[in-house]
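All remarks here apply to the structure that follows.
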Amino acid sequence: MTNPIKQLDLAAIEQSQVVRIAGANLTIGGLTSAGVILLVAFAAHWLVTRSLRRLRERADRSRQAVYLLERLAGYAIIVIAIMSALSAAGLNLSSLTVFAGALGIGVGLGLQGVVKEFVSGLFLIFDRMVSVGDYIEIEDIGIRGAIMEIGPRATRVRTNDNVNVLVPNSRFIEQPVTNWTLKGDTRRIHVPFSVAYGSDRGQVRDAVLAAARASPFTLPETEARKSQVWLVAFGDKGLSFELLVWPTREAVKRPAAMHAAYTWLIADALDAAGMEVPFPQTDLRIRSAFGLEGDEALKRLGYGVGAPPRPVAPQRSAQTANDAADDVMADDEEGPLEPAPGPPSGRTRS
Numbered sequence: 286m287t288n289p290i291k292q293l294d295l296a297a298i299e300q301s302q303v304v305r306i307a308g309a310n311l312t313i314g315g316l317t318s319a320g321v322i323l324l325v326a327f328a329a330h331w332l333v334t335r336s337l338r339r340l341r342e343r344a345d346r347s348r349q350a351v352y353l354l355e356r357l358a359g360y361a362i363i364v365i366a367i368m369s370a371l372s373a374a375g376l377n378l379s380s381l382t383v384f385a386g387a388l389g390i391g392v393g394l395g396l397q398g399v400v401k402e403f404v405s406g407l408f409l410i411f412d413r414m415v416s417v418g419d420y421i422e423i424e425d426i427g428i429r430g431a432i433m434e435i436g437p438r439a440t441r442v443r444t445n446d447n448v449n450v451l452v453p454n455s456r457f458i459e460q461p462v463t464n465w466t467l468k469g470d471t472r473r474i475h476v477p478f479s480v481a482y483g484s485d486r487g488q489v490r491d492a493v494l495a496a497a498r499a500s501p502f503t504l505p506e507t508e509a510r511k512s513q514v515w516l517v518a519f520g521d522k523g524l525s526f527e528l529l530v531w532p533t534r535e536a537v538k539r540p541a542a543m544h545a546a547y548t549w550l551i552a553d554a555l556d557a558a559g560m561e562v563p564f565p566q567t568d569l570r571i572r573s574a575f576g577l578e579g580d581e582a583l584k585r586l587g588y589g590v591g592a593p594p595r596p597v598a599p600q601r602s603a604q605t606a607n608d609a610a611d612d613v614m615a616d617d618e619e620g621p622l623e624p625a626p627g628p629p630s631g632r633t634r635s
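Each residue of the sequence shown is one higher than the one before, counting from 286 in the numbering used here.
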């Protein structure tokens, strides 16, 4: 038989008062129950979030929805657990206005930043302009990487060098942020290169485009997304070109490696086509030598002796494709930016 004295002792210990808060007596039994509820809640929080995280890693199209469910479920478990623990401890939830007032004072004194970051994190989760898995760039602080986690205080961004950077959530709302993969899309990149003067422009274009299209990280061309080669400037050492290409989404997340890979492909293509890459050159002008100047100095140095070279007429190359002109003349889905010019004066349209 159970000893009634021991039962009485356990009941007395359980009902023994520890502290009195807001008119409620906190007993050892109530605090023990609250502790058990919190332990169970933290275990449930870990299990649920871990399961949803594994599901998100295996999902292909619904990662953002699973991440949203993961965050909401975690916050809901914590909030319900805290309220249940307070109730089990013996606190009347209707009498927590005192604590709410104290919390308001605390927020006014020193917790503004914490509340600000938490609310900003909720906005990021629901707004979805910046989502987990997006590749972003914050130019003013030089951060570029993929978003791995949106926490209650900060967002974890992992760079391509495997460096994790914690950025405050409010930074994504208050300051400009470049999202390179918004809505899971790609972007067009410009890869500059140069060739020596006298090179055949059409041959340069064909060689570079063939190399870019054969690359495994170049998307198949469509009517709206084509690989192009533009002649952009007459440089000091040669003709300046740009390769415009649409890479895959995975390549966009590695911009430095992607740029280096395309530069390597361009170099191989130019070498295979026999194109010369320009290099720095310096012209030396001698104004005086051996006490002589001008033509007399050049004759003393051996220049100008003999018949002058015959001028060579410039050779006109065949007309080549101009990708930049095609891009300028492309139809705009939103309509022309300015009205079409009217017919010349003195003529009528047929």
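Glycine included, every Cβ here is placed at the ideal spot set by N, Cα and C.
Cβ neighbours of leucine 353 within its own chain (closer than 7 Å, five residues either side excluded): Ile410.
Just measuring C-alpha positions, the residue of Ile426, Arg429, Val452 sitting nearest arginine 438 is Val452. Contact check for alanine 370 against leucine 323 passes: the beta carbons are separated by less than 8 Å. In this structure, glutamate 506 sits away from tryptophan 515, with a CB-CB distance that is not shorter than 8 Å. Rounded to whole angstroms, the Cβ separation of threonine 533 and threonine 444 is 20 Å, and the two are not in contact under 8 Å. Between threonine 503 and valine 530, the CB-CB gap stays under 8 Å.
Linking arginine 341 to arginine 456 through their CA atoms gives a straight-line distance of about 25 Å. Scanning His544, Gly427, Met560 for the CA closest to the CA of aspartate 485 turns up Met560. Counting the other CB atoms within 10 Å of its CB gives isoleucine 426 a total below 16, which places it among the exposed residues. Taking 8 Å as the cut-off, the beta carbon of alanine 496 is found closer than this to the beta carbon of aspartate 553. Look at threonine 507 here: in three-state DSSP terms it is coil, with no helix or strand label. A Cβ-Cβ distance of about 3 Å is found for the pair alanine 366 and alanine 326, placing them in contact under the 8 Å criterion. Between valine 462 and valine 404, the C-beta spacing is not below 8 Å.
Within the segment 510-543, complete alpha helix (DSSP H) segments of at least 4 residues are found at 534-537, given in chain order. The continuous stretches of beta strand (DSSP E) do not include phenylalanine 564, and DSSP gives it neither H nor E. Collapsing the DSSP output to three states places arginine 338 in a helix. For aspartate 419, same chain residues with a beta-carbon under 6 Å away, outside a window of 5 residues either side, are Ile432, Asn464, Thr466 in chain order.
Nearest C-alpha to threonine 548 among Pro477, Ser525, Glu508, Ala492: Pro477. Rounded to whole angstroms, methionine 543 and arginine 356 show a C-alpha spacing of 34 Å.
Collapsing the DSSP output to three states places methionine 560 in coil. By the beta-carbon neighbour count (other beta carbons within 10 angstroms, threshold 16), glutamine 460 is exposed. When secondary structure is reduced to three states using DSSP, phenylalanine 502 falls in the coil class, being assigned neither helix nor strand. Buried is the label assigned to alanine 319, since at least 16 other Cβ atoms lie within 10 Å of its Cβ. Here glycine 406 really is in contact with glycine 436; their C-beta atoms are around 6 Å apart, less than 8 Å.
Between serine 479 and leucine 524, the C-beta spacing is below 8 Å. For glutamate 422, the beta-bridge partners assigned by DSSP are Arg429, Thr463.
Valine 417: not part of any beta strand (DSSP E); DSSP gives it neither H nor E.
Bounds of any beta strand (DSSP E) do not take in serine 484, whose DSSP letter is neither H nor E. Taking C-beta separations shorter than 6 Å and ignoring five residues to either side along the sequence, the partners of glutamate 422 in its chain run Arg429, Thr463, following chain order.
Note that the C-beta distance between alanine 492 and alanine 557 is below 8 Å. Of the residues Val489, Leu494, Val450, the one whose Cα lies closest to the Cα of lysine 511 is Leu494.
In chain order, Arg510, Leu529, Val530, Trp531 place their CB closer than 8 Å to the CB of arginine 473, counting only its own chain and leaving out the 5 sequence neighbours on each side.
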